[in-house]
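Residue numbers (the working numbering), protein chains in the order written: chain C, 2 to 244; chain U, 1022 to 1816. Even glycine gets a Cβ: it sits at the ideal position worked out from N, Cα and C. Just so you know, these numbers come straight off a predicted model, no measurement behind them.
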């Protein structure tokens, strides 16, 4: 599968052409994406904004290889993913994609270190689990189980797990949605830090417009379409955000 | 006007229906387990009560005798005195003689007996049930009724003629009616262990006609009596013996020694044991499984319960809602179980009627059985549900609004094995899941082990039967033909037989009926005398080695020794009930375990010496050249001295067929149910594990794990637990089989405790296949899992 081949340097990380996604059919059809054209360069931290049902999560899932578009085309580093097989998408996720979800989705039966090791054991060029956890400030919590960690700590383990494989892209769906603001800031700092140090193209979905100020690029969704795609001239540090 | 109101389901009831539909696989699996327990119980308890009730009604209606008193020849006038014995309600005096029948189209000789009927009216005791035709006319020389089984086997119709050798005389008997009798429910030749309707026939003739044919005019050779309610059987037997003693009484006996009734009783006893042991195990296992499965199922509904309460439903509403869900599953299980039970009961009843001839055999389960089954099912399912629902109802609504705290594995991780560095994380997850939830793991292991054990214990019957058959026919009784003389004959009779066509080897035996007494214990038995070097018929012990009678004593089978409370070295009083009827004192030389029947043996010359009747034999066991069988049979049929002929090959075939058809069938029924229980347990375990871990599994898929790798985490656990359960199930099965072997052993059979290695293998294969199929079914759901949907939801 071509998607697993190394990138050509001139290509952006993601390119989409008229991407559509329709759930269901006939009267009950839901048009989640109505033609999305985007070019996302490497290394950027991109924030996706928009109301519920505006299509941002659908786009994230398609970019992450969890879902396939109904129409249009999708390229990852110049390689077309549009009609990739399930097997190829699994390999794509395994090699290139890190996910962070609102509800952490850690393995309750594994410690922080083991949760990260779960991914590093199947990755090609991973960080050491301890290194990944150090990057998110959890070097003191290696042997703790999820049940022994706070929500923010759990989410940072999830981030460490996502970045430990040194992913090409890091996809975060409302990573601070279940956290209080102080904890949320720590998580965002970790994401910013990882993006700076590892250079993974990072897409971050949030309902919190203030978060947009820490991004390189802000894409606003509305009704399945991109309403605005702007580049921030300056980025704030997560600590400076007000929410 | 409630009739006009359209039927509307409440929102909760609609949820209920949809939940049921969504859970259909699991609901069906639980219902299967319930149905398994219920139907086994119904079948066994139903067959037992049907057989008992049918027998009771049949014996009552046709005035089955309580006491039989055979004599050599007593004057008919004695009947009045018999009727006057205290406790005798009704009595008949009749003639009963052995006979040989030359059936057209059959080389082997059929044997049997001819009984007399009163010339006028019906007998007061042991009436026959006329299936069709009429009774023999008084004085008609050759008219007879024939037993239905024999008639069917030979396609005999009214008007047909049977050439018979009755008591040495030749007579062509004309059939005028076809009948059944309570004395021949299980129509079996004396000394045989299985009935063969082709080879054993019974005829009834008018008293005058039969008496004349066998020189019993004005006399009888058997009295039969029915006792009045509350009469003392032993006293009547003693009175009969005293009265008939001058006429050569062989000793009166009661129903327990009547061959047909003994077999029916043995069957009833075995059924009772079976239905006392196996169905309760099935029902309890089903109840236990249902209880646990339902409580886990409801535990996975935790959030829905929180939400319902948040909407304002009361705890009671919630509890009732889930009890309805459970009730629906239980009702399905009960309905399927009852239908299956009744259907199989009828099918098995059909098999029974092949071996037990009743005028009418209706399968009908006692209503109390239904009540019990419903009660146990409801208690098991509702009990399982109630505990889980109560736990769930205690949940604060707010708890459902926040993400559930992850279960704490820190204690489980303390287990050193899960810390091993060489483990990959998936294996670590599997191990910690087991260590963290030991109760759950134990339940799975127990469920799988019990299914395996039930399989082993039911299949064990087939192994035990095979050993029984092999030992009985290939080690103990290796003859092809056993010839029974009408009366003891001197030794030259043996040489005559040895010279008969096709006879390769002839071995004599002497057999006398006797009452064995030790202290106040008494048993009727026949004593067999055999040559020291007997090779065709001998006692075989539990180690399957032949036992040679010890000079100077009797060798008893263990069941006889136990009933008489004697051991080797004890003295027995042996009251011989035929010939000179001496009362002897003989020591018990040895006691040995036999698998089939009771036996008492000594050396033939010692027996003859004790009887003081000279060197005589009662018959001979023959080894026969198969190619000359037909001429041998023809020769034997023509000999007046021959009362009966037993063909061992036919007996073995019949016995094997009987085992296959009756016991074999119930074994397969039990085996199917054991497999059903395995399906119910394993499928539900895997399915619930899947529901509980769906989110983790979806996360792993998102992280880039392949379906195979993710399946390993889910199915690795069940595979690990199944493998752990296999040896446990084998051990449990062996214990269960041993207990069943003890419980099922009756006067007629003793089940050897032998489990073939193949039985363990077969049970293991069934369990593993059932596990694999359940795992594959769940694996399919894993493949179709909506990753995005699962991860977006909170739980």
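- Judged by DSSP in its simplified three-state form, residue 172 of chain C adopts strand.
- Counting the other CB atoms within 10 Å of its CB gives residue 1725 of chain U a total of 16 or more, which places it among the buried residues.
- Rounded to whole angstroms, residue 39 of chain C and residue 1429 of chain U show a C-alpha spacing of 43 Å.
- Interface criterion not met: the Cβ of residue 197 of chain C is under 9 Å from no Cβ in chain U.
- DSSP, read as helix, strand or coil, puts residue 1193 of chain U in strand.
- Note on geometry: alpha-carbon atoms of residue 1692 of chain U and residue 1758 of chain U lie some 13 Å from one another.
- Under the three-state reduction of DSSP output, residue 1474 of chain U falls in the helix class.
- Contact between residue 67 of chain C and residue 1808 of chain U holds: their C-beta atoms lie close to 5 Å from each other, under 8 Å.
- Under the three-state reduction of DSSP output, residue 1638 of chain U falls in the strand class.
- What residue 1805 of chain U touches in chain C, judged by beta-carbon distance under 9 Å, is nothing: the nearest beta carbon there is about 11 Å away.
- The beta carbon of residue 1532 of chain U is closer than 6 Å to those of 1547, 1549 and 1639 in its chain, skipping five residues each way along the sequence.
- For residue 1726 of chain U, the nearest CB of chain C lies under 9 Å from its own CB, placing it at the interface with that chain.
- Residue 1475 of chain U sits away from residue 1410 of chain U, with the two beta carbons spaced by 9 Å or more.
- Per DSSP, the unbroken alpha helix (DSSP H) holding residue 97 of chain C starts and ends at 87–97.
- With fewer than 16 other beta carbons inside 10 angstroms of its own, residue 1236 of chain U counts as exposed.
- Residues of the region 112–126 of chain C with a C-beta atom less than 7 Å from some C-beta of chain U are 112, 115, 118, 119, 120, 122 and 123, listed in chain order.
- Assignment of beta-bridge partners to residue 1125 of chain U by DSSP yields no partner.
- For residue 1808 of chain U, the chain C residues whose C-beta falls within less than 7 Å of its own C-beta are 67, listed in chain order.
- Uninterrupted alpha helix (DSSP H) stretches at least 4 residues long and entirely within the region 1776–1807 of chain U occur at 1778–1804, given in chain order.
- Between residue 1512 of chain U and residue 1663 of chain U, the C-beta spacing is not below 9 Å.
- In the DSSP assignment, residue 1209 of chain U falls outside any alpha helix (DSSP H), carrying neither H nor E.
- Listed in chain order, the non-local C-beta contacts of residue 1605 of chain U below 6 Å within the same chain comprise 1595 and 1631, local neighbours out to five positions each way being set aside.
- In the DSSP assignment, residue 1274 of chain U is bridged to U:1089.
- Counting every other CB atom within 10 Å of its CB across the protein chains shown gives residue 1452 of chain U a total of 16 or more, marking it as buried.
- For the pair of segments examined, the region 1470–1485 of chain U was found to touch the region 1777–1788 of chain U: the number of CB pairs separated by less than 8 Å reaches three.
- In the structure shown, residue 1076 of chain U falls within a helical segment according to DSSP collapsed to helix, strand and coil.
- Burial state of residue 1222 of chain U is buried, judged by a 10 Å Cβ sphere holding 16 or more other Cβ atoms.
- Counting along the chain, the unbroken alpha helix (DSSP H) around residue 1756 of chain U starts and ends at 1728–1765.
- In the structure shown, residue 1186 of chain U falls within a strand segment according to DSSP collapsed to helix, strand and coil.
- For residue 156 of chain C, no beta strand (DSSP E) run applies; the uninterrupted alpha helix (DSSP H) run containing it begins and ends at 152–164, by DSSP.
- At the C-beta level, residue 1089 of chain U and residue 1210 of chain U stay beyond 9 Å of one another.
- Annotation for residue 1450 of chain U: the continuous alpha helix (DSSP H) segment containing it runs 1446–1457.
- At the C-beta level, residue 166 of chain C and residue 126 of chain C come within 9 Å of one another.
- The shortest C-alpha to C-alpha distance from residue 1276 of chain U to any of U:1248, U:1301 and U:1227 is the one to U:1248.
- Between residue 1774 of chain U and residue 1764 of chain U, the beta carbon gap of about 12 Å keeps them out of contact (Cβ cut-off 8 Å).
- For residue 167 of chain C, no Cβ of chain U is located within less than 9 Å of the residue's own Cβ.
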